[in-house]
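Residue numbers (the working numbering), protein chains in the order written: chain A, 1 to 187; chain B, 188 to 344.
Quick reminder that beta carbons are idealized off the backbone N, C-alpha and C, glycines included.
Inspection log for the structure reproduced underneath, given as structure tokens.
Structural data, given as structure tokens:
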């Protein structure tokens with residue numbers, strides 16, 4: 001009699017464990033692959049979160065470059081791709097800002113993502129872009145910044161902290177508002 | 188002059204014909220639809236065959252170019268991985284978290300089969316004897332009846 005009572009309880013426990021394991025796996029999968037909002041929230045509240053470590057090959061080949069290499073410099077980190085139409089529109093503006101920033105301790109850094117290398121190189125030549133270009137072939141680093149569209153731009157201060165971001169194309173007003181005050185700050 | 192040209196052209200065509208047919212024979216019959224249902228549009232997160240995003244269009248152009256270059260499906264997929272990384276393949280690699288794509292369905296199927304087996308065994312054990320079962324089996328024999336039947340059977344051997 002006792003055994004008959006125990007068996008359904010054991011079965012229900014096994015089913016619950018199985019369902020719990022599946023839900024746990026689902027939550028882990030969503031957290032591992034989904035876009036986080038913590039960065040946006042932090043910046044909206046006036047905080048400057050430390051930029052995630054990023055080390056990527058250069059688009060033109062050669063040694064890898066890391067975001068940490070630019071410590072002490074104000075970085076306009078721009079995620080782009082050659083197939084992205086708004087990227088074509090904002091590239092001339094970014095190049096103008098690169099010329100302006102280079103003299104004042106800043107730089108634009110482009111990260112070409114989910115793109116064909118040859119297309120990306122042709123894009124750089126077409127727009128005469130002179131700023132450093134890195135290549136994130138499978139978009140692995142963009143998840144760390146919560147980047148889910150193109151273009152997206154993050155402004156990193158001299159201490160390697162994210163001070164501003166723009167989900168979508170930048171304009172001159174945004175760059176003036178977010179970059180110029182950082183140039184005046186000491187590292 | 189024109190006759191000489193015609194002769195030269197014919198000779199050139201005759202010389203080139205085996206080469207082109209040999210090329211056609213060795214060129215793998217790969218097509219865009221063959222490849223695009225096995226790779227992903229990385230921006231959209233769906234198979235390329237279902238995607239219409241600009242990145243998907245770019246991927247199709249890349250694949251079409253490789254098809255024209257006579258590349259096999261495997262070569263095209265390798266080239267796509269070189270450009271976009273392993274996530275471009277629709278069938279995930281059996282490593283890391285992606286291993287779950289293979290392990291979870293197998294575990295769920297194993298649990299389902301085991302559960303059904305246990306439930307069936309339990310149901311058989313707990314099922315009360317129905318009147319129909321009594322009819323099929325018949326009433327139990329006492330020892331005297333059993334002995335008589337055994338004796339009758341012995342006689343017919």
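Reference residue i, options the options, closest by Cα
i: residue 22/A; options: 295/B, 265/B, 334/B; result: 295/B
i: residue 129/A; options: 172/A, 140/A, 98/A, 147/A; result: 98/A
i: residue 65/A; options: 154/A, 170/A, 134/A; result: 134/A
i: residue 215/B; options: 232/B, 332/B, 256/B, 270/B; result: 256/B
i: residue 181/A; options: 42/A, 109/A, 113/A, 75/A; result: 75/A
i: residue 217/B; options: 254/B, 234/B, 338/B; result: 254/B
i: residue 57/A; options: 136/A, 184/A, 152/A, 94/A; result: 136/A
i: residue 270/B; options: 307/B, 302/B, 226/B; result: 226/B
i: residue 248/B; options: 233/B, 286/B, 330/B, 228/B; result: 228/B
i: residue 277/B; options: 307/B, 308/B, 238/B; result: 238/B
i: residue 124/A; options: 172/A, 82/A, 24/A; result: 82/A
i: residue 146/A; options: 61/A, 171/A, 49/A, 92/A; result: 49/A
i: residue 132/A; options: 60/A, 40/A, 53/A; result: 60/A
i: residue 55/A; options: 67/A, 62/A, 46/A; result: 67/A
i: residue 24/A; options: 230/B, 287/B, 333/B; result: 287/B
i: residue 165/A; options: 10/A, 15/A, 39/A, 9/A; result: 39/A
i: residue 162/A; options: 120/A, 148/A, 171/A, 144/A; result: 144/A
i: residue 51/A; options: 121/A, 153/A, 183/A; result: 153/A
i: residue 221/B; options: 263/B, 307/B, 342/B, 231/B; result: 263/B
i: residue 103/A; options: 15/A, 183/A, 88/A, 9/A; result: 183/A
i: residue 267/B; options: 138/A, 185/A, 26/A; result: 138/A
Status (buried if at least 16 other CB within 10 Å, exposed otherwise) for residue i
i: residue 85/A; result: exposed
i: residue 3/A; result: Low confidence applies here, because residue 3/A scores a pLDDT of 47, under 50, leaving its location unreliable; read the following figure in that light. The residue in question, residue 3/A, is exposed, as its Cβ has fewer than 16 Cβ neighbours within 10 Å.
i: residue 19/A; result: exposed
i: residue 106/A; result: buried
i: residue 169/A; result: buried
i: residue 28/A; result: exposed
i: residue 160/A; result: buried
i: residue 300/B; result: exposed
i: residue 297/B; result: exposed
i: residue 274/B; result: buried
i: residue 17/A; result: exposed
i: residue 44/A; result: exposed
i: residue 336/B; result: exposed
i: residue 242/B; result: buried
i: residue 245/B; result: buried
i: residue 142/A; result: buried
i: residue 12/A; result: exposed
i: residue 1/A; result: The predicted model places residue 1/A with a pLDDT of 46, which falls under 50 and marks its position as unreliable, so this point remains unresolved.
i: residue 116/A; result: buried
i: residue 112/A; result: buried
i: residue 122/A; result: exposed
i: residue 265/B; result: exposed
i: residue 230/B; result: buried
i: residue 344/B; result: exposed
Presumed contact (8 Å Cβ cut-off) between residue i and residue j, rounded CB distance
i: residue 150/A; j: residue 70/A; result: Between residue 70/A and residue 150/A the Cβ distance is about 22 Å, and since that is not below 8 Å, they are no contact.
i: residue 156/A; j: residue 77/A; result: 6 Å
i: residue 73/A; j: residue 177/A; result: Not confirmed; about 19 Å, so no contact.
i: residue 101/A; j: residue 108/A; result: 7 Å
Identity of the residues DSSP links to residue i by a beta bridge
i: residue 112/A; result: 80/A, 135/A
i: residue 56/A; result: 65/A
i: residue 227/B; result: 234/B
i: residue 20/A; result: BP columns for residue 20/A are empty, so no partner.
i: residue 162/A; result: 156/A
i: residue 73/A; result: Note: residue 73/A sits in no beta bridge, so no partner.
i: residue 106/A; result: 74/A
i: residue 50/A; result: 161/A
i: residue 276/B; result: 226/B
i: residue 167/A; result: 152/A
heavy atom of the ligand ZN below 8 Å from residue i C-beta
i: residue 308/B; result: The ligand content of the structure shown is nil, which means the ligand ZN is not present either.
Could you name the residues of the segment 289 to 303 of chain B whose beta carbon sits closer than 7 Å to any beta carbon of chain A, in the order they occur along the chain? 291, 298
Cβ-based contacts, 7 Å cut-off: residues of the segment 220 to 236 of chain B near chain A: 229, 230
When Cβ atoms are compared, which residues of the segment 253 to 283 of chain B fall closer than 7 Å to chain A? 270, 271, 272, 274
Against chain B, which members of the segment 76 to 110 of chain A pass a CB distance test of less than 9 Å? 81, 82, 83, 84, 85
Residues of the segment 154 to 182 of chain A with a CB closer than 9 Å to any CB of chain B: list them in chain order, please. none
Which residues of the segment 10 to 26 of chain A have a Cβ closer than 9 Å to any Cβ of chain B? Give them in chain order. 11, 14, 15, 18, 21, 22, 25
Looking at chain B, which residues of the segment 117 to 144 of chain A have a Cβ within less than 8 Å of any of its Cβ atoms? 117, 119, 137, 138, 139, 140
Where the segment 54 to 71 of chain A meets chain B: residues whose CB sits under 7 Å from a CB there: none
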